[in-house]
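Residue numbers (this note's numbering): -4 to 97.
Here you go:
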């Protein structure tokens, strides 16, 4: 079961890396093959450049979401961190009192 989850997570991470890297690589190969393409850039090619750059540079962040989606234990730990209940201190003139939140 844990091997299956690990395999699924690794597969998802590999697919995310490939899908976010291929368009960026295609763009750069295109600019190498056609050197004057940057000077004749249209709005479509600029939009393609922006989208591929965003996909490529957001790729490292996707591992967090893949862990979050595929691993229940990781989700549980993130929820604990996000909704951690700290003690609240109340200052009443000269004394501090700790109020516990339940």
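All C-beta atoms, glycine included, are put in the ideal place defined by N, C-alpha and C.
Exercise for review: Would you kindly work out how many angstroms separate the C-alpha atoms of residue 78 and residue -1, rounded to a whole number?
Suggested key: 29 Å
Review point. If we ignore side chains and look at the alpha-carbon of each, how far apart do residue 39 and residue 47 end up?
Key: 12 Å
Review point. Since residue 18 is in the alpha helix (DSSP H), which residue starts that stretch and which ends it?
Key: -3 to 28
Point to revise | Inter-residue spacing [alpha-carbon to alpha-carbon] between residue 31 and residue 73 | key: 48 Å
Point to revise | Cut-off 7 Å between Cβ atoms - residues of its own chain near residue 26, not counting five sequence neighbours on either side | key: 32, 33
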